[in-house]
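In the working numbering, the protein residues as written are 701 to 1041. Glycine is no exception: its CB is placed at the ideal position from the N, C-alpha and C atoms. Keep in mind the model is a prediction, meaning the values are calculated, not measured.
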Amino acid sequence: MDRRSLFLSLVRGENMVRPMATAITSPLTEELLNICGSTWPSVHRSREHMVKAALAAKQVIGFETIRVPFDQCVEAEALGVELDFEGHYPKPRTLLEKIKEFNFMGRGRTSMVLDVIGDLREAVGPGFPILGGVTGPFTLLNYLLGPAKTMLLSRRDPDLIKDYTYQLSASIANYAMEIVSAGADAIVIEDMASSPDVLNPMIFRTVEVEPLKRLTSMLNVPCILHICGDTLKILKDIPETGVKVFHVDPKTNLRVAKDLIRGVTLAGGVSTFLLLEGDEKSIVEASLSCLNLGIRIVAPACALHPKTPVENVKTMIKAVKNNPRIIGNTFRNNAGQLFSC
Ligand SMILES: [Zn+2]
């Protein structure tokens, strides 16, 4: 079974050969960029650098999928927000007064991202999974109007916000379809602004669940939803969005996550802080504990901290790839302990 088939079978929750270890969000670190001769601004803006870094994440670190782009501002930039490329990841430098245009195809870096995905597919061949990243409608709205105005309007005029997120969901889906045509096997929807840490779960239900459902229903590949922080209060809503995989942060109670989110595969689970500062033993323990808790695609919980040592991430990957052996529908580690998944 090639890596792409393994990934898709895990996503569908079918019988497993083994679990996987990868990065669903940005896999970049300073060390990785040094190894592949890139820099922070150019890795986001240059086709060649983006391809090189994405391949290095596979070849140097050993991640079992490839994902691009590395930032979440491609769509906002395409709709007219100017970005500041100083620092590790681009961030909005200007905001829009009003959203007049919803179509971002061919604008900003969207065409470059499609070219990058085409280059990557050519480089890795058909048997390796490529993930294309897009921004969730509510998070995109935050980038367009600014978090303060978006939050204020969410409380005062949720119908207006829902109208925006609904329209944006179709634009994101159109862009995601192009990403799939360029060679991606799955779409990662990063929706950080929907985290219950920053958004009332009631508002999430009102303004974002249906637009996410519209987005996923327009695509013919599986979607992975990433929302950071403690997502316990919205876990029950996740199956309704139509995503096949939820990328979960260990700030969420992982012991109950699997039961609350039946029918959706869990990914993620390893703290980025642990990967930054933890020792080998604690990283191995955390990675195996993810398997034990029903996470099939083990990954850093969010974008890696830029200072994360590559060796620590390799430890996570090794722990997942080498330890468990399949027995029926369960994995068994080298110590003989059973992991039912
Ligand atoms: Zn995150």
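query	result
Are Ala-967 and Leu-993 close, meaning C-beta to C-beta below 9 Å?	no
Which first and last residues belong to the alpha helix (DSSP H) in which Leu-919 is found?	Counting along the chain, Leu-919 falls outside any alpha helix (DSSP H), and DSSP gives it neither H nor E.
Run through DSSP, which three-state label would Met-701 get?	coil
For ligand 1, I want to know if Lys-1016 counts as a neighbour, meaning its beta carbon is within less than 8 Å of at least one of the ligand's heavy atoms.	Position check: residue 1016 holds Met in this sequence, whereas Lys was assumed. Not so, every heavy atom of ligand 1 lies at least 8 Å from the Cβ.
Could you check where the alpha helix (DSSP H) with Val-816 kicks off and where it finishes?	810 to 824
Comparing the CB of Asp-949 with every heavy atom of ligand 1, is any distance shorter than 8 Å?	yes
On a CA-only basis, which of Ile-761, Ala-778, Gly-827 and Glu-980 is nearest Leu-795? Give me that one, please.	Ala-778
What does the alpha-carbon distance come out to for the pair Ile-963 and Pro-922?	Checking the sequence, you will find Gly at residue 963 rather than Ile. Distance between the alpha carbons of Gly-963 and Pro-922: 13 Å.
With a threshold of 7 Å on Cβ separation, who are the neighbours of Leu-845 within its own chain once the five nearest residues in sequence on each side are excluded?	Leu-795 and Leu-796
Within this structure, are the beta carbons of Lys-933 and Pro-901 separated by less than 9 Å?	yes
So which of Thr-952, Ile-872 and Lys-981 has the shortest CA-CA distance to Ser-895?	Thr-952
Tell me the rounded alpha-carbon separation between Thr-850 and Leu-820.	36 Å
Quick one: measure Cβ to Cβ for Ala-757 and Ala-723, integer angstroms, because I've assumed they're closer than 8 Å.	7 Å
Please return the same chain residues whose Cβ sits closer than 7 Å to the Cβ of Ser-738, not counting the five positions on each side in sequence.	His-749, Lys-752 and Ala-753
Just curious, the beta strand (DSSP E) that Pro-1000 is in, first and last residue?	995 to 1000
Using 10 angstroms around the beta-carbon of Phe-804, count the other beta-carbons present and answer buried if the total reaches 16, otherwise exposed.	buried
Does DSSP put Ile-927 in a helix, a strand or coil?	coil
Would Val-888 and Thr-725 qualify as a contact pair, given that the criterion is a beta-carbon distance under 9 Å?	yes
Spatial neighbours of Glu-980 within its chain, please: CB distance less than 6 Å, with the 5 preceding and 5 following residues excluded, ordered by chain position.	Thr-1015
Straight-line CA distance for Pro-984 to Phe-973?	Checking the sequence shown, residue 984 turns out to be Val, not Pro. If you take the alpha carbons of Val-984 and Phe-973, they lie about 14 Å apart.
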